[in-house]
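Structure first, then comments.
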């Protein structure tokens, strides 16, 4: 508000156009303060929807209908280019402090041109393997759309992505029809793009949760679980540090974490496994790991981040417990240890038979597992199951479903 007030004094503001943002509690408080200032200053403010969420949604049953209306709106034509005189001097801009001076060499780079190029490559060749390749970190780098940072930072719009994908789907169906045969290639493409479109809808579905209940940033969706992981001694700082640094003694977990730290991105299944391992096997509170992961994710989106953390840690009341066997995940998604060797160099020379469980091999400079995977997982599941079975929890879960549950 101080900045807007300063600009308004130098160059009167006639109207404010901005994105409709579903952010964290601090940005929510900022937005409310800006709206109050606009009202007191008689300045119109218009927030433009970017994600298809509905502010003040009264009935979750209406979400899908509203989302479809949003997507089906006519696309705007590209506006003419205008140069606006800035009220700030170059010297003023140079005085703004930088909090993030470091960089990650293998991160994605921003900009509309990069975003359009990423979408084009996905719809022309990379996307054919989307359904089959999104689970493994070895294939997801090319099979995933890699559009999430551009959507998060507003370098490409969700509607443009969905509508452009719809056109590609229509082309594929027409091609199959002309050739009077389903054909393996068009069918593979259509399956993958249908899955991708579902993920785009799913993305907004999760953002709607935080939009409807901003408190999900700081409290469990199902309050019956609020006492779990928050008793004295539950949060093990040593476990937390090992997890943050990718030194848990579980190669696949460590490779995923180190990759994320280095690149700012990892595929969804790997993210879910990292959270599951932290909250089940290490019994860490999801709220304590939230800010660390948020700083690592180049595509950090609050509306996805907090609901997903809660879902993967089993405190929503309406989703199944997702307890990953991290050793099995490594064997399934990285059977030959290619990904592990790349990101955990101390295991580079370990043979395949030991790559997922190197503690069985002598003379390996790699930490022993910090917990017993199976015993820790069983203990966590027993605790959560005890809460889930309570009648009061079931009743609260029904209320949670009415407010946040997915509707088909």
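Numbering (our numbering), first residue to last: -14 to 393. Just so you know, even glycine gets a beta-carbon here, dropped at the ideal spot from N, CA and C.
Straight-line gap, residue i to residue j (C-alpha atoms, nearest Å)
i           : j           : result
residue 285 : residue 105 : 23 Å
residue 239 : residue 62  : 46 Å
residue 390 : residue -8  : 43 Å
residue 366 : residue 305 : 11 Å
residue 221 : residue 1   : 47 Å
residue 180 : residue 116 : 7 Å
residue 135 : residue 101 : 9 Å
residue 339 : residue 172 : 39 Å
residue 392 : residue 184 : 14 Å
residue 161 : residue 175 : 10 Å
residue 203 : residue 271 : 10 Å
residue 381 : residue 198 : 15 Å
residue 341 : residue 375 : 38 Å
residue 186 : residue 119 : 17 Å
residue 333 : residue 371 : 42 Å
residue 109 : residue 90  : 27 Å
residue 217 : residue 34  : 43 Å
residue 170 : residue 112 : 12 Å
residue 346 : residue 352 : 12 Å
Simplified DSSP state of residue i, which is helix, strand or coil
i           : result
residue 110 : coil
residue 67  : coil
residue 93  : coil
residue 374 : coil
residue 341 : coil
residue 361 : helix
residue 282 : coil
residue 60  : coil
residue 335 : coil
residue -8  : helix
residue 386 : helix
residue 124 : coil
residue 353 : coil
Bridge partner(s) assigned by DSSP for residue i
i         : result
residue 4 : 33
Pair every Cβ in the segment 283 to 301 with every Cβ in the segment 181 to 198, then say whether three or more of these pairs are closer than 8 Å. yes
Counting pairs of beta carbons, one from the segment 348 to 368 and one from the segment 226 to 239, are three or more of them closer than 8 Å? yes
Counting only runs that start and end within the segment 179 to 236, where is the alpha helix (DSSP H) found for 4 or more residues in a row? 222 to 230
Counting pairs of Cβ atoms below 8 Å between the segment 325 to 336 and the segment 239 to 249, do you hit three or more? yes
Check whether the segment 155 to 165 and the segment 87 to 97 touch, using three or more Cβ-Cβ pairs below 8 Å as the test. no
Touch test, the segment 208 to 217 against the segment 299 to 310, Cβ-Cβ under 8 Å, three pairs minimum: yes
Given 8 Å as the limit, is there contact between the segment 306 to 314 and the segment 259 to 269, that is, 3 or more CB pairs closer than that? yes
Between the segment 251 to 265 and the segment 122 to 132, are three or more C-beta pairs nearer than 8 Å? yes
Could you say if the segment -6 to 11 and the segment 29 to 41 meet the contact criterion of at least three C-beta pairs nearer than 8 Å? yes
Every unbroken alpha helix (DSSP H) within the segment 255 to 310, with a cutoff of 4 residues, ordered by chain: 271 to 281, 287 to 297
Is it true that the segment 140 to 148 meets the segment 47 to 64, where meeting means three or more beta-carbon pairs spaced less than 8 Å apart? yes
As an exercise, report each continuous alpha helix (DSSP H) stretch of at least 4 residues that is fully enclosed by the segment 127 to 159, in chain order. 133 to 137
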